[in-house]
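In terms of UniProt numbering, the sequence shown opens at residue 1 and continues consecutively.
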Amino acid sequence: MSVTVRVPAKVNVQLAVGAARPDGFHDLANVFLAVGLYDEVTVTPAAELKITCSGPDAHQVPLDASNLAARAAIALAARHGLAPDVHIHIAKDIPVAGGMAGGSADGAGALLACDTLWGTGASRTELLEICAELGSDVPFSLLGGAALGTGRGELLEPLPVGGSFHWVFALADGGLSTPAVYGEFDRLTAGTDVPAPAAKPELLAALRAGDATALAASVVNDLQPAALSLFPALARTLAVGSAAGALASLVSGSGPTTAFLAKSAESAEEVASALLASGTCRAVRVTSGPAPGATVVAPAV
Ligand code: C5P
């Protein structure tokens, strides 16, 4: 008896970052778009909580209680007076430490999988609440589609999207720590007046219309200067994608994965080939978004 949940990666088409708050977090206007790269999280009853992981980057995934999947199981079990005795297996396809919310995806996936396995019947609201306790990006991994995240990114308002967008992702050699990138943002903006973050109306309109050219004209990631400062080689990857015809080239979230919006599936393949041939990244992925949020694919039998 086991339950498998499929959960998507995300790209931030707008990441507007405000000044650091007293609690150390930053207020955001975070426009998330789920894209079709997925982790699959399978939970099976076991003698005790245990995590395993498979996939090309599996060796980089922590298998202890710091893994958001473990924390999700523990949090749900604690609320319902259960023991979190499950084997959680993560089939990992989302880049690790890449700025695509791979760890958050596993948290949301494990939460939905355990809820289904244990029959806890948690409401959507309770699941989203637990997700928000686990991390700023975890609620969106559960929701999928597109959404505006405010607060530290956890307060979500679903957004309408009028079409599918073609994306290429270039995986970098190495990772970036999210707190380190926010720290670098603070250093770079020290002494300046950081405006309150706000979603751009023209960007929301472009999403609603499914208009890739208009979306490309308005994408913006306020963490990009900080990510480039810590990982300067990403500038070359971005330049290669733009030269190959990407409508927009940007760092995904806190990086170091870079994201390229293409005008068509054919153009996406061309951008991907150019990126691979350039030697400025370790791998490329071609996909599209929006993608659905966490979904049970193989229920308990
Ligand atoms: O919420 P999460 O655990 O994903 O955040 C990881 C780190 O990213 C935080 O400890 C903080 O340093 C930074 N962060 C932030 N402001 C946010 C979200 C994350 O400063 N809105």
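All residues carry an ideal CB built from backbone N, CA and C; glycine is no exception.
What are the start and end residues of the beta strand (DSSP E) that includes residue i?
{"i": "F140", "result": "Segment V138 to L143 is the alpha helix (DSSP H) holding F140; no beta strand (DSSP E) there."}
{"i": "C53", "result": "K50 to S54"}
{"i": "E154", "result": "From DSSP, E154 is part of no beta strand (DSSP E); its letter is neither H nor E."}
{"i": "L223", "result": "Here L223 belongs to no beta strand (DSSP E), and DSSP marks it neither H nor E."}
{"i": "V297", "result": "T295 to A298"}
{"i": "S288", "result": "A283 to G289"}
{"i": "L250", "result": "A248 to V251"}
{"i": "G24", "result": "Unbroken run through G24: none, as it is neither H nor E."}
{"i": "L171", "result": "F165 to L171"}
{"i": "L159", "result": "Unbroken run through L159: none, as it is neither H nor E."}
{"i": "G259", "result": "Per the sequence shown, residue 259 should be read as Ala rather than Gly. First-last of the beta strand (DSSP E) with A259: T258 to A262."}
Any heavy atom of the ligand C5P closer than 6 Å to the Cβ of residue i?
{"i": "R152", "result": "yes"}
{"i": "S136", "result": "yes"}
{"i": "P179", "result": "yes"}
{"i": "H26", "result": "yes"}
Can you give me the C-alpha to C-alpha distance between residue i and residue j, rounded to a whole angstrom?
{"i": "L275", "j": "V168", "result": "9 Å"}
{"i": "L134", "j": "D106", "result": "11 Å"}
{"i": "S288", "j": "A265", "result": "9 Å"}
{"i": "A283", "j": "L223", "result": "22 Å"}
{"i": "N221", "j": "S249", "result": "10 Å"}
{"i": "A298", "j": "V3", "result": "6 Å"}
{"i": "residue 307", "j": "A70", "result": "Residue coverage of the chain in this structure runs from 1 to 301, which leaves residue 307 outside it and unanswerable."}
{"i": "residue 349", "j": "A196", "result": "This structure gives no information on residue 349, because the portion of the chain shown stretches from 1 to 301."}
{"i": "D23", "j": "G151", "result": "12 Å"}
{"i": "A198", "j": "A226", "result": "19 Å"}
{"i": "P62", "j": "G55", "result": "13 Å"}
{"i": "D137", "j": "F32", "result": "9 Å"}
{"i": "P8", "j": "L117", "result": "20 Å"}
{"i": "L49", "j": "H89", "result": "11 Å"}
{"i": "E184", "j": "L176", "result": "11 Å"}
{"i": "P201", "j": "A216", "result": "14 Å"}
{"i": "P232", "j": "L238", "result": "11 Å"}
{"i": "R124", "j": "A294", "result": "12 Å"}
At a cut-off of 6 Å, would you count residue i as near the ligand GDP, judging by its Cβ distance to the nearest heavy atom?
{"i": "Y182", "result": "Ligands displayed in this structure: the ligand C5P; the ligand GDP is not among them."}
Residue range of the alpha helix (DSSP H) that residue i falls in?
{"i": "G107", "result": "G102 to W118"}
{"i": "A132", "result": "R124 to L134"}
{"i": "I74", "result": "L68 to R79"}
{"i": "V271", "result": "A265 to S278"}
{"i": "V240", "result": "L234 to A243"}
- Tell me the start and end of each unbroken alpha helix (DSSP H) in the stretch 173-208 that is at least 4 residues and wholly inside, in chain order. 178-189
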